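Contents: one structure, followed by commentary.
Number of protein chains: 2
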Amino acid sequence: MVLVEDEEPVRQAVERALRREGITVTGFADYPGPDLILAAAPDLAVLDVLLPSGDGFELARELRAARDLPIVFLTARDTVEDRLDGFELGADDYLVKPFALEELLARVRAVLRRTGRLGTAIEAGDVVVDEQAGLASRAGSPLELTPTELRLLAYLVRQRGLVLSKHQLLTQVWGYDAYDPNVAEVHISALRRKLEAHGPRVLHTVRGLGYRRDPL
Amino acid sequence: MVLVEDEEPVRQAVERALRREGITVTGFADYPGPDLILAAAPDLAVLDVLLPSGDGFELARELRAARDLPIVFLTARDTVEDRLDGFELGADDYLVKPFALEELLARVRAVLRRTGRLGTAIEAGDVVVDEQAGLASRAGSPLELTPTELRLLAYLVRQRGLVLSKHQLLTQVWGYDAYDPNVAEVHISALRRKLEAHGPRVLHTVRGLGYRRDPL
DNA sequence: CGCGGTCTTCAGCTAACCCTCAGGAAGGCG
DNA sequence: CGCCTTCCTGAGGGTTAGCTGAAGACCGCG
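Listed in order, the protein sequences are those of chains B and U. Numbering of the first sequence is given in the working numbering, commencing with residue 1 and proceeding in unit increments. Numbering of the second sequence is given in the working numbering, commencing with residue 1 and proceeding in unit increments.
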């Protein structure tokens with residue numbers, strides 16, 4: 001998890017509390033730019049809105065453009081308009097200072113649970129993926145996946161029954177801007193071969209749109 | 001979506017606002033028991049905590065036991081302990097009254113987005129089309145449509161009961177300026193064949209003018 | 001430096017899709 | 001009823017999206 005908060009005591013308290021929960025935290029005291037944040041490969045970003053040299057909203061915009069990262073805003077600005085601005089940017093939660101440490105924890109846990117990143121294993125139907133542990137299985141049988149296949153499968157499982165375009169897969173799973181759809185096709189193909197050794201097709205192609213995992 | 005809220009004016013305001021957003025709402029004025037709620041097959045439950053004959057927390061516990069339903073609490077109890085109790089039960093969000101309608105909307109949207117259930121589907125009669133997901137169904141049975149058929153159907157469903165000229169269809173669905181009415185005819189024909197496999201005709205031809213979908 | 005594993009690129013193939021065409025059915029009108 | 005227009009629909013062919021086997025590039029490791 002990434003935490004951007006300029007007030008030293010607040011940041012330290014939050015960091016400590018989250019670490020006690022077993023959540024890995026990378027703290028920043030100021031707007032570090034999106035690259036530094038993404039380098040930490042976080043599950044979630046908690047952003048202060050008012051930073052010495054920048055704006056948490058702007059940072060959120062940049063993060064969202066690069067990757068679909070859950071975001072919780074943390075700020076003293078408490079008018080309804082401020083909050084709406086936050087949600088407009090795709091915030092997952094918005095907490096007003098002063099806040100109870102416990103409440104922040106609870107909200108962070110709620111978001112992580114929802115995004116399926118708390119207990120590391122996520123499942124859909126008879127497919128189980130644990131990205132952290134690097135394990136995946138179907139109907140009980142373990143799957144021998146390469147790293148990219150694992151990330152791809154984890155992403156597909158996390159997104160319920162939505163259609164994911166190849167472009168989306170490339171940006172979210174690979175971090176590319178480049179756009180060679182065949183890369184996605186090749187990996188989907190490999191993934192299918194391994195998945196379908198233990199059951200029927202679960203990765204359906206939607207011509208012209210992308211791929212869809214069988215909804216539950 | 002299900003909304004349980006005993007204060008009549010609040011409930012009506014919220015219902016109206018959500019409906020305006022295109023979200024289907026089933027409202028209850030009192031603790032209806034989990035079965036009644038689940039019968040509505042909701043994507044999300046917004047629960048008041050203090051109800052005339054019961055406790056929203058208890059209801060949430062029962063709902064959670066039955067199904068993994070996202071839950072947003074809505075309450076006048078605003079101590080941190082109350083909120084922590086809510087999150088403890090697996091709440092996805094917790095909003096303190098009095099609240100701004102807009103903020104509730106934003107938070108509901110945020111949860112739905114996160115859970116991937118922000119409905120993009122539109123319906124007319126027994127026909128449901130989700131252009132984003134590339135899915136369409138009639139009377140529960142899925143329809144196997146080609147991309148153009150899907151776009152065409154989505155357009156027809158969106159225009160409630162109006163007469164659409166072929167020219168209009170071609171420009172709106174195809175983006176053509178060209179005007180070969182037979183193109184539209186061919187696709188309407190294919191669409192009819194697939195639709196009428198599961199029910200009576202809903203796409204009527206209005207000779208000389210165009211086509212009309214059966215109003216609701 | 002060579003080796004195994006993995007990712008990307010390439011190219012050929014298949015199947016789906018869309019448009020065109022043409023013959024026939026249906027509707028409108030004198 | 002006869003004629004004309006509009007619409008329906010099956011079939012053919014050109015085009016393209018997607019699949020997949022195989023070859024090349026890259027990387028870490030002994």
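Glycine included, each C-beta is placed from N, C-alpha and C at the ideal position. None of these values were measured; they are calculated from a predicted model.
Query, Result
"Could you check the C-alpha separation between residue 97/U and residue 79/U for me, to the nearest Å?", "12 Å"
"Are the beta-carbon atoms belonging to residue 206/U and residue 163/U less than 9 Å from one another?", "yes"
"Quick one: list the residues of chain B neighbouring residue 57/U, beta-carbon separation under 9 Å, in chain order.", "Here the premise fails: no neighbours, minimum Cβ distance about 14 Å."
"Using only the alpha-carbon positions, how far apart do residue 86/B and residue 210/U sit?", "46 Å"
"Would you say the beta carbon of residue 154/B is closer than 8 Å to some non-hydrogen atom of the ligand HEM?", "No copy of the ligand HEM appears in this structure; indeed no ligand is present at all."
"Quick one: what's got a C-beta closer than 7 Å to residue 104/B's C-beta in the same chain, skipping five residues either side?", "14 and 95"
"What is the residue span of the alpha helix (DSSP H) that residue 123/B lies within?", "No alpha helix (DSSP H) contains residue 123/B, which is instead part of the beta strand (DSSP E) from 121-124."
"Are the beta-carbon atoms of residue 36/B and residue 106/U separated by less than 9 Å?", "no"
"Given that residue 92/B touches chain U, what residues does it touch there, using C-beta distances under 7 Å?", "110 and 114"
"Are residue 55/U and residue 72/U close, meaning C-beta to C-beta below 9 Å?", "no"
"Should residue 186/B be labelled buried (16 or more other beta-carbon atoms within 10 Å of its own) or exposed?", "exposed"
"Take every Cβ of the region 56-67 of chain B, pair it with every Cβ of the region 19-28 of chain B, and state whether three or more of those distances are shorter than 8 Å.", "no"
"Applying the criterion that 16 or more other CB atoms from any shown protein chain within 10 Å of the CB defines a buried residue, is residue 196/U buried or exposed?", "exposed"
"Near residue 190/U, which residues of its chain fall below 7 Å by C-beta distance, leaving aside the five closest residues on each side in sequence?", "149"
"Taking Cβ to Cβ, would you say residue 99/B is nearer than 9 Å to residue 135/B?", "no"
"Since residue 75/U sits in a beta bridge, which residues does DSSP pair it with?", "96/U"
"Note down, in chain order, each residue of its chain lying with its Cβ closer than 8 Å to the Cβ of residue 1/U, except the 5 sequence neighbours on either side.", "18, 23, 24, 25, 26, 42, 43, 44, 45, 46 and 108"
"In the DSSP assignment, what are the bridge partners of residue 47/U?", "4/U and 73/U"
"Taking the alpha carbon of residue 68/B as the point to measure from, which residue in 126/B, 147/B and 168/B has its own alpha carbon closest?", "168/B"
"What does residue 80/U reach in chain B if we use C-beta pairs closer than 8 Å?", "100, 102 and 103"
"Pick helix, strand or coil for residue 35/U, following the three-state DSSP scheme.", "helix"
"Return the first residue and the last residue of the alpha helix (DSSP H) that residue 155/U is part of.", "147-158"
"When you compare only the Cα positions, how much space is there between residue 122/B and residue 173/U?", "39 Å"
"Could you tell me how far apart the beta carbons of residue 30/U and residue 50/U are, in whole angstroms, since I believe they sit closer than 8 Å?", "Rounded, the Cβ-Cβ distance is 11 Å, inconsistent with contact."
"Restricting to runs no shorter than 3 residues, where is the beta strand (DSSP E) found entirely within the region 173-213 of chain U?", "203-206 and 210-213"
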